[in-house]
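Quick mapping for you: the protein sequence lines, in order, are chains A and B. Going by my numbering, the final residue of the first sequence carries number 383, and the count climbs one at a time with no gaps. Going by my numbering, the final residue of the second sequence carries number 1149, and the count climbs one at a time with no gaps. Using N, Cα and C, we set each Cβ at its ideal position, and we do this for glycine too. Here's the structure, in structure tokens; my notes come after.
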Amino acid sequence: MFNKVLIANRGDIAVSMIRSCKELGIKTVAVYSSADMESLHISLADESYCIGPADPMKSYCNADVITCTAINCGADAVYVGYGFLAESIPLIEKCKAAGITCIGPDTAIIEFLSDKSAVKNLMRELAVPTNMNRLHGAPKEIDIQLIGDSSGALYVIGDRDSSYINNTTRLMGESPAYAVSDKTRKKLYKAAKKIAGALNFVGVGSINFYVDREGNHVFKQFVPRLQVGCAITETQCRINLTKWQIRIAAGETLSFSDEDLFLAGCTLGCRIYAVNPANDMPQTGEVSILHIPCGLGVRIETAVYQNCTLPLEYEPILAKVIVHAGNREEAIIKMKNALSELVTEGVINNSELFIDFLNTEEFQSGDYDITSYSKLLSKRTDY
Amino acid sequence: MDKKILKMAAEVMRELSLNEISIKDGETEIVMKRDSAPVPAQKAIPQEVEELDFDAGELLMKEDFENNPKSEITAPLLGIFHGSPSQSDLPYVQIGSKVNKGDTLCTIESMKMMTEIPAPCNGTIVDVCVADGNLVEYGQTLFVITADN
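Written out as structure tokens, the structure is:
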């Protein structure tokens, strides 16, 4: 196992990675930009270094400075998670040259997946459709979560409906994907396992498909790393994927099989931003009052604290609110209650948008797709 | 006055390179001064320096050195601080060095690339805040300089 891990991220992602390291008895190093001097992840880590100015290209996305910090603080691994340098070949290579492991996908799979024609050829070989014309109407986006270790074990750990998106930003997810039939689900799991198996996938990743109302599917992409929806799957399946990603990188093998997975109930997750729902304006400045919901089955991932300042330079994310309940109806009520309890002053949050969506017939029936968010926005009048 | 005290004072002066010391016993008064003669900045020995894609002086220039008699010079990037061109060389500057705008004060090494840190103005180095070979963070104070005029 690693001795010291440099966390090359910020915000709630960094906080959750630091927590996972602590649970594994690993020392942590936080890095931060000059705009993040008072960020929570700095105070949770054992060591911290200011690596550059606010501009991410000169700090969180600067492979040289991150490798240099890792070498000089004696870290034996670097963990990006997702965003910033999560799939950066230069970072992996620079770290490797210094004997440091990058926790996440290896260069071979990143290179392969960035070659669109190679991916298309593979899908053709595996008989996985890639042609959007085969779908009728606006589709859903369904993620199949995967985990694989170096011994060749590869499991599907549930699925998510990630159709509630703003352009490409995932706003909400649910696991399992309520509207997907068992027949379609089986088909997607099989396809996902086939793709990941063909690439000898090791680590935590997901394969995203577009699925129409008739259950036709098309391969969208293979995300060979953690992604935002992982927190939903973690809660649904009671597995810490952030932690497993570290273990797998350290060469450990999976201690469970897909038959051991706990899949009952329903998990919903919302990404709440400091954005004014009336005009989509991002909010910055001090969070003068903060009340965070809690209770049985309510999980909050955040790096925000009372009187903290949201820097202008980054996405104004406040929190991921994740709820788990025995069934979907209960989970919806729990989520609405949790969102109503989330109070911020100083900055406006957009939790109302989610409550409104949870109340729509479209959501309740599960019959929503990747255009639903923009449709809801166009109808809004009273925020 | 006790000869011992004189001897001690002389030793302290030598150790700290002071040019003035004043000791008073009753009600204790100690005055120590160090206005060492300016040491001319050593010319940087040319070496291979790779160009970074940002202006190392960018951060430095934001401060108004001309109107601030004493200013801090901060690191424009994270890396290893080198106070001299190589271990066998004399430091670029030390406390008391007179420098001209643009003179190299130190280099910061990041991933085998050396970035020269130039003096932001004409002046005198009044403090060197980092020891050779140490890791400096972005924005960390490297030197304190007193600008001329």
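query	result
Go ahead and label I333 (chain A) buried or exposed: buried means 16 or more other beta carbons lie within 10 angstroms of its beta carbon, across all protein chains shown.	exposed
Quick check on DSSP: helix, strand or coil for L226 (chain A)?	coil
Is the CB of G52 (chain A) under 8 Å away from at least one CB in chain B?	yes
Grouping DSSP H, G and I as helix and E and B as strand, with all else coil, what is F262 (chain A)?	coil
Measure how close the beta-carbons of V277 (chain A) and L353 (chain A) come, nearest whole angstrom, since I'm counting them as under 8 Å.	Sequence check: residue 277 (chain A) is Pro here, not Val. That belief holds up - the Cβ atoms of P277 (chain A) and L353 (chain A) are roughly 5 Å apart, short of 8 Å.
Quick check: the Cα distance between L1060 (chain B) and S175 (chain A), rounded to an integer number of angstroms?	With a pLDDT of only 44 at L1060 (chain B), under the threshold of 50, the placement of this residue in the model should not be trusted, and no figure is reported.
Quick check on the DSSP output: what are the complete beta strand (DSSP E) runs of length 3 or more inside the region 35–119 of chain A, in order along the chain?	47–52, 77–79, 101–103
Okay, do the region 342–353 of chain A and the region 287–301 of chain A touch, 3+ Cβ pairs below 8 Å being the bar?	yes
Counting only C-beta atoms, is P1116 (chain B) closer than 8 Å to chain A at any point?	Note that residue 1116 (chain B) is Glu in the sequence shown, not Pro. It does not; no Cβ of chain A falls within 8 Å.
If the criterion is Cβ atoms closer than 8 Å, does the pair K194 (chain A) and L126 (chain A) meet it?	yes
What residues in the region 1103–1128 of chain B bring their beta carbon closer than 8 Å to a beta carbon of chain A?	S1110, M1111, M1113
Give a yes or no on whether 8 Å exceeds the smallest Cβ distance from I1073 (chain B) to chain A.	no
Can you tell me where the beta strand (DSSP E) holding A30 (chain A) begins and where it ends?	27–33
Find the residues of chain B that neighbour S34 (chain A), judging by a C-beta separation of less than 7 Å, and give them in chain order.	Y1138, G1139
Could you check what DSSP says for Y155 (chain A) in three-state terms: helix, strand or coil?	strand
Suppose contacts are defined by Cβ-Cβ distances below 8 Å. Is F321 (chain A) in contact with C237 (chain A) by that definition?	For the sequence presented, residue 321 (chain A) should be read as Val rather than Phe. Cβ atoms of V321 (chain A) and C237 (chain A): not closer than 8 Å.
If the cut-off is 7 Å on Cβ atoms, which residues from the region 17–45 of chain A count as contacting chain B, listed in chain order?	S34
Using the beta-carbon count (16 or more within 10 Å), is F262 (chain A) buried or exposed?	exposed
Quick one: is A198 (chain A) buried, meaning 16 or more other Cβ sit within 10 Å of its Cβ, or exposed?	exposed
Can you tell me whether L1105 (chain B) is buried or exposed, with buried defined as 16 or more other CB within 10 angstroms of its CB?	buried
Kindly indicate which three-state DSSP category E1050 (chain B) falls into: helix, strand or coil?	Its pLDDT being 45, under 50, E1050 (chain B) is placed unreliably in this model, and the value from its coordinates should be taken loosely. E1050 (chain B): coil per DSSP, three-state reduction.
Step through the CB atoms of chain A and report whether any lies within less than 8 Å of the CB of L1142 (chain B).	no
Alpha carbon to alpha carbon, how far is E330 (chain A) from K94 (chain A)? Give it in angstroms, no decimals.	48 Å
Whole angstroms is fine: what's the gap from T1115 (chain B)'s alpha carbon to Q221 (chain A)'s?	41 Å
When you compare the CB positions of L154 (chain A) and A191 (chain A), do they come within less than 8 Å of one another, or not?	no
How many Å lie between G326 (chain A) and F201 (chain A) at the Cα?	32 Å
Three or more C-beta pairs closer than 8 Å, one from the region 154–174 of chain A and one from the region 97–114 of chain A: is that the case here?	no
Throw me the rounded Cβ distance for the I26 (chain A) and N3 (chain A) pair, which I believe falls under 8 Å.	7 Å
Does the separation of the CB atoms of E47 (chain A) and C73 (chain A) fall below 8 Å?	yes
Going by DSSP in three states, N384 (chain A) sits in which element: helix, strand or coil?	An answer regarding residue 384 (chain A) cannot be provided, because it is not within the stretch 1 to 383 covered by chain A.
Per the contact definition of three or more C-beta pairs closer than 8 Å, is the region 162–175 of chain A in contact with the region 123–137 of chain A?	no
Excluding the 5 residues preceding and the 5 following I371 (chain A) in the sequence, name in chain order all residues of the same chain whose CB lies nearer than 7 Å to its CB.	In the sequence under discussion, the amino acid at residue 371 (chain A) is Thr, which differs from the Ile named in the question. The answer, listed in chain order, is A138.
For S150 (chain A), tell me which candidate among A:G366, A:T253, A:V323, A:C21 has the shortest Cα-Cα distance.	A:T253
For I1095 (chain B), return the contacting residues in chain A, with the cut-off set at a CB-CB distance below 8 Å.	Neighbours of I1095 (chain B) on chain A: none; closest Cβ ~25 Å, over 8 Å.
Leaving out the 5 sequence neighbours to the left and right, which residues in its chain are closer than 7 Å to A231 (chain A) when beta-carbon positions are compared?	G269, E301, K320, I322
Going straight from the alpha carbon of T217 (chain A) to that of P53 (chain A), what length do you get?	In the sequence as presented, Thr is not what sits at residue 217 (chain A); that position holds His. Looking at the two C-alpha atoms, the distance is approximately 44 Å.
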